[in-house]
Amino acid sequence: MSEAYLLLNVNYKKQPDVIEKVNQLSTVKSVKTVYGIYDVLVVLESENLQEVKNDIDSNIYNMEGIENLTTLISVS
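All residue numbers for the sequence shown refer to our numbering, where the first residue is 76 and numbers rise by one.
This is the structure we're talking about:
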């Protein structure tokens with residue numbers, strides 16, 4: 076099972092829209108609002124790492140309202 080964590084900085088006014096759109100993706104396991112340096116934590120999971128990468132690159136990376144994105148792909 077491939078797993079990735081996304082740490083997002085999100086425009087405060089767009090945060091509900093971003094959370095809703097991200098939650099609709101098939102590889103998204105959970106979305107959490109967090110406090111601190113980042114605003115949203117997204118956990119993605121799939122049997123196929125390429126599916127996870129495609130969702131990040133094609134569906135999340137340029138999503139309106141996301142100001143910064145840090146990707147962490149689990150290796151164990």
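For glycine and all other residues, C-beta sits at the position ideal for the given N, C-alpha and C.
{"Check": "Limits of the alpha helix (DSSP H) - the one that Glu126 falls within", "Outcome": "Leu124 to Asn129"}
{"Check": "Beta-carbon gap between Asp132 and Leu100 smaller than 8 angstroms", "Outcome": "no"}
{"Check": "Buried versus exposed, by CB contacts within 10 Å (16 or more), Ser121", "Outcome": "buried"}
{"Check": "Near the ligand MG: Val106 beta-carbon under 7 angstroms from a heavy atom", "Outcome": "In the structure on display, the ligand MG does not appear, and there are no ligands present to speak of."}
{"Check": "Option in Gly140, Ser149, Ile148 and Ser105 with minimal Cα separation from Val85", "Outcome": "Gly140"}
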